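K.L.:
The structure under discussion is supplied below as structure tokens; questions concerning it will follow.
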Ligand code: SF4
């Protein structure tokens with residue numbers, strides 16, 4: 001018998017006669033948050049990320065101000081076959097996102113247009129992410145409902161961090177040490 | 186890692202005797218467990234629907250386990266459709282053989298690894314080493330453990346038994362670029378690790394991971410982490426091999442809405458962990474292999490009481506509230522699964538023929554704190570008592586088990602017993618007299634808290 005057949009046979013024998021289990025979904029799947037942008041900004045800031053809230057008209061100027069002299073990767077047109085060298089030497093990457101989650105201060109990238117590959121948002125030391133107010137949802141259930149599972153997804157809550165040395169939180173072991181989020185309203 | 190749990194001498198009482206004499210270990214553990222416990226309580230308190238999420242998490246897992254055959258087949262189909270290859274492994278040897286062959290086929294002799302308990306359980310690193318393949322751990326704590334030729338001692342913070350100066354010594358000794366001017370400041374140590382690993386990430390062609398969840402409906406795998414080493418391994422190499430226990434399944438995409446709330450808050454005490462990666466099949470040009478691991482899990486599934494251990498999402502909340510774990514440390518349990526969950530999972534996965542495994546169901550005071558903390562409501566005391574009845578054991582422990590069983594049969598009686606103990610706590614001696622002194626010489630009598638856990642829970646967590 002193949003391993004597959006044998007494992008399936010063991011499973012069937014193990015649960016023979018086990019009843020069905022009903023799943024109670026009495027938890028909140030939608031919640032009312034009065035100030036989505038405000039809560040999102042506050043929660044992102046809790047992770048020691050840098051947050052700005054600007055009206056759409058001021059977005060370009062704000063981005064210029066954030067970037068300063070940095071040499072940036074701009075996602076569209078990046079060529080994976082070129083290897084990782086330029087990735088590792090760029091100062092940062094600028095992206096859009098798919099969803100922002102207010103309650104947890106999380107941004108989710110689905111690596112669609114304007115969001116680059118998974119590597120592009122990881123290897124450079126600085127990530128500037130632009131979030132539109134209408135992309136922000138209240139909680140995790142609302143975000144899961146909006147996302148497409150067939151895409152690769154990266155959920156980001158603050159910059160890279162470790163607590164492995166005597167439980168001291170240190171930012172930036174491997175991912176970007178600085179996460180800057182500009183929310184455009 | 187050349188060190189291995191196999192052949193670790195003794196049993197739980199002997200191992201913990203050594204551990205309680207190690208004051209550094211006990212200091213670190215106490216600080217760690219209490220810090221994480223406090224953070225956890227505060228972020229759990231933020232969610233008014235925590236108990237409803239917990240009930241849903243429990244039921245989703247039980248439902249999946251009862252229909253595991255159907256969901257495994259659905260997962261296989263979805264992963265295959267998305268360009269991945271699915272392999273099935275009956276036991277550790279078979280899983281190791283599959284992974285070794287996959288790595289060999291790439292022609293590579295080095296692989297990078299994401300922290301994964303399943304690969305520790307099957308001792309994959311040793312198996313690869315036997316075929317000339319070096320596996321590099323990339324999680325900072327796992328790296329400290331690997332370079333120190335040591336064992337992990339906590340699910341979430343595996344190197345918690347080490348302090349900063351020990352970590353500095355290990356780095357000085359084992360990292361080629363590190364010079365004696367390295368300080369023991371945590372940011373400096375983290376920076377040394379960053380430099381040490383970065384080039385390896387960019388160069389590696391093969392990565393090996395586990396997964397926190399697999400979604401049957403979509404074929405999606407999910408990994409939660411903090412540092413970004415996971416993302417490095419999952420996205421940069423050309424070939425990705427994931428070794429995942431068959432119990433890690435969730436039926437539908439929607440179910441993630443429950444577990445992405447339960448897991449981070451229970452484990453690190455954060456609203457969300459810094460990074461979560463999700464991928465479905467072969468993504469962004471990668472070659473993807475999924476190895477589905479049984480290795481005793483179907484035996485656990487066959488036990489009606491014990492199967493609830495398969496609901497475990499490895500959050501480590503039960504470790505952080507356990508008075509026995511706090512004193513004994515993770516190493517005393519002699520397996521990759523320490524603490525209360527290890528005490529029930531390890532003897533079920535491995536059987537109880539060794540002295541160590543037979544002693545694990547007794548490595549508990551049955552206080553019930555683990556059950557209250559568990560985000561998928563695993564009744565660990567119930568399983569412990571059940572395993573005690575099945576274990577080969579000495580007469581004294583048989584008697585103790587009877588009392589515990591009697592108390593646990595009735596939750597009211599348990600609550601009363603705990604409250605009664607609370608009232609007499611000032612009278613409890615540090616050391617028991619007469620023939621029982623052998624017992625207290627190897628254990629600290631747990632301090633009886635001023636308030637029973639149940640009372641505390643009612644007051645703090647139900648608010
Ligand atoms: S048994 Fe429960 S509390 Fe313990 S690690 Fe598993 S899920 Fe977490």
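Protein chains in written order, with the working numbering: chain D, 1 to 185; chain Y, 186 to 648.
Note that beta-carbon positions come from the ideal geometry of N, C-alpha and C, so glycine has one too.
Small disclaimer: the values here were computed from a predicted structure and weren't measured.
Do the stretch 123 to 133 of chain D and the stretch 432 to 450 of chain Y touch if we need at least three Cβ pairs shorter than 8 Å?
P.N.:
Judged by Cβ distances under 8 Å, the stretch 123 to 133 of chain D makes no contact with the stretch 432 to 450 of chain Y, as fewer than three pairs qualify.
K.L.:
Please determine, among 552/Y, 473/Y and 241/Y, the residue with the shortest C-alpha to C-alpha distance to residue 24/D.
P.N.:
Taking only the C-alpha atoms, the option nearest residue 24/D is 241/Y.
K.L.:
Quick one: Cα of residue 534/Y to Cα of residue 541/Y, how far?
P.N.:
Cα to Cα, residue 534/Y sits roughly 13 Å from residue 541/Y.
K.L.:
Is there at least one non-hydrogen atom of the ligand SF4 closer than 7 Å to the beta-carbon of residue 485/Y?
P.N.:
False, no ligand heavy atom lies under 7 Å from that Cβ.
K.L.:
Near residue 148/D, what residues of its chain come up, given a Cβ to Cβ distance below 7 Å and the 5 sequence neighbours on each side ignored?
P.N.:
If we look at residue 148/D and ignore the five residues flanking it on each side, its Cβ neighbours are 110.
K.L.:
Taking 7 Å as the cut-off, is the CB of residue 221/Y close to at least one heavy atom of the ligand SF4?
P.N.:
Checking the Cβ of residue 221/Y against the ligand SF4 gives no.
K.L.:
For a test of your reading of the model: does the CB of residue 526/Y fall under 7 Å from any non-hydrogen atom of the ligand SF4? Yes or no.
P.N.:
Indeed, a heavy atom of the ligand SF4 lies less than 7 Å from the Cβ.
K.L.:
Is residue 102/D near residue 161/D, with beta carbons less than 8 Å apart?
P.N.:
No, the pair does not count as a contact, with Cβ atoms beyond the cut-off.
K.L.:
Three Cβ pairs or more, each shorter than 8 Å: is that satisfied between the stretch 356 to 373 of chain Y and the stretch 411 to 431 of chain Y?
P.N.:
Flag = no, the stretch 356 to 373 of chain Y and the stretch 411 to 431 of chain Y do not touch.
K.L.:
Quick one: is residue 577/Y buried, meaning 16 or more other Cβ sit within 10 Å of its Cβ, or exposed?
P.N.:
Flag for residue 577/Y reads exposed.
K.L.:
Around the C-beta of residue 231/Y, are 16 or more other C-beta atoms found within 10 angstroms, so that it is buried, or is it exposed?
P.N.:
Burial call: exposed.
K.L.:
State the DSSP-derived secondary structure class of residue 397/Y, mapped to helix, strand or coil.
P.N.:
Reduced to three states, the DSSP call for residue 397/Y is coil.
K.L.:
Work out the CA separation of residue 486/Y and residue 258/Y for me, nearest whole Å.
P.N.:
In a straight line, the C-alpha of residue 258/Y is about 17 Å away from that of residue 486/Y.
K.L.:
Express the C-alpha separation of residue 571/Y and residue 624/Y in angstroms, rounding to a whole number.
P.N.:
The predicted position of residue 624/Y is uncertain, since its pLDDT is 42 and thus under 50; no value can be drawn from it.
K.L.:
So, under 8 Å CB-CB, residue 274/Y and residue 530/Y are touching, yes? Tell me the CB distance rounded to an integer number of Å.
P.N.:
Not really, about 18 Å apart at Cβ, beyond 8 Å.
K.L.:
Sorry if obvious, but does the Cβ on residue 520/Y come closer than 7 Å to a heavy atom of the ligand SF4?
P.N.:
No, the Cβ of residue 520/Y stays beyond 7 Å of every heavy atom of the ligand SF4.
K.L.:
Contact check, residue 495/Y vs residue 250/Y under 8 Å by CB: the rounded distance?
P.N.:
With a Cβ gap of about 6 Å, residue 495/Y and residue 250/Y count as contacting.
K.L.:
Measure the alpha-carbon distance for residue 523/Y versus residue 212/Y and round it to whole angstroms.
P.N.:
Rounded to the nearest angstrom, the two C-alpha atoms are 18 Å apart.
K.L.:
When you compare the stretch 280 to 291 of chain Y with the stretch 451 to 467 of chain Y, are there three or more beta-carbon pairs, one atom per stretch, that lie closer than 8 Å?
P.N.:
With the cut-off at 8 Å, the stretch 280 to 291 of chain Y and the stretch 451 to 467 of chain Y do not touch.
K.L.:
Give me the chain D residues within the contact set of residue 459/Y, using Cβ-Cβ distance strictly less than 8 Å, ordered along the chain.
P.N.:
By Cβ distance, chain D contributes 47, 156, 157, 158, 159, 160, 161 and 175.
K.L.:
Ordered along the chain, which non-local residues of its own chain (more than five positions away) have a Cβ less than 6 Å from that of residue 518/Y?
P.N.:
Closer than 6 Å at the Cβ level, and outside the excluded window around residue 518/Y, lie 527.
K.L.:
Is residue 298/Y helix, strand or coil by DSSP?
P.N.:
Correct three-state label for residue 298/Y: strand.
K.L.:
With a cut-off of 8 Å, do at least 3 Cβ pairs link the stretch 506 to 515 of chain Y to the stretch 448 to 459 of chain Y?
P.N.:
No: the two stretches stay apart, fewer than three of their Cβ pairs being nearer than 8 Å.
K.L.:
From this set, 136/D, 105/D, 96/D and 143/D, which residue's C-alpha is nearest residue 118/D's C-alpha?
P.N.:
It is 96/D.
K.L.:
Among 402/Y, 198/Y and 291/Y, which residue has its Cα nearest to the Cα of residue 266/Y?
P.N.:
The option with the nearest alpha carbon to residue 266/Y is 402/Y.
K.L.:
Which two residues bound the contiguous alpha helix (DSSP H) that contains residue 463/Y?
P.N.:
Here residue 463/Y belongs to no alpha helix (DSSP H); instead the beta strand (DSSP E) covers 460 to 465.
K.L.:
Restricting to Cα atoms, I'd like to know which of 360/Y, 327/Y and 358/Y is closest to residue 163/D.
P.N.:
Minimum Cα distance to residue 163/D is reached at 327/Y.
K.L.:
Pull out every residue of the stretch 302 to 325 of chain Y whose Cβ sits closer than 7 Å to any Cβ of chain D, in chain order.
P.N.:
Going along the stretch 302 to 325 of chain Y in chain order, one finds 325 with a Cβ nearer than 7 Å to chain D.
K.L.:
Should the stretch 308 to 319 of chain Y be called in touch with the stretch 410 to 418 of chain Y, which here means at least 3 C-beta pairs below 8 Å?
P.N.:
They do not touch, by the three-pair rule.
K.L.:
Within 7 Å: the Cβ of residue 301/Y and any heavy atom of the ligand ADP?
P.N.:
The ligand ADP is not among the ligands present in this structure, which contains only the ligand SF4.
K.L.:
Does residue 112/D come within less than 8 Å of chain Y when only Cβ atoms are used?
P.N.:
Answer no: the Cβ-Cβ gap between residue 112/D and chain Y never drops below 8 Å.
K.L.:
Report yes if the CB atom of residue 490/Y is closer than 8 Å to the CB atom of residue 558/Y, and no otherwise.
P.N.:
Not closer than 8 Å, so no.
K.L.:
CB of residue 149/D to nearest heavy atom of the ligand SF4: below 7 Å?
P.N.:
No, the ligand SF4 has no heavy atom inside 7 Å of this Cβ.
K.L.:
Using Cβ-Cβ distances below 7 Å, what residues of the stretch 221 to 240 of chain Y are close to chain D?
P.N.:
From the stretch 221 to 240 of chain Y, only 234, 237, 238 and 240 have a Cβ closer than 7 Å to chain D.
K.L.:
Go to residue 473/Y, then tell me how far its beta strand (DSSP E) extends in each direction, as first and last residue.
P.N.:
Element bounds for residue 473/Y: 472 to 478.
K.L.:
In chain order, what residues of the stretch 274 to 286 of chain Y put their CB closer than 7 Å to some CB of chain A?
P.N.:
No chain A is part of this structure, whose protein chains are labelled D and Y.
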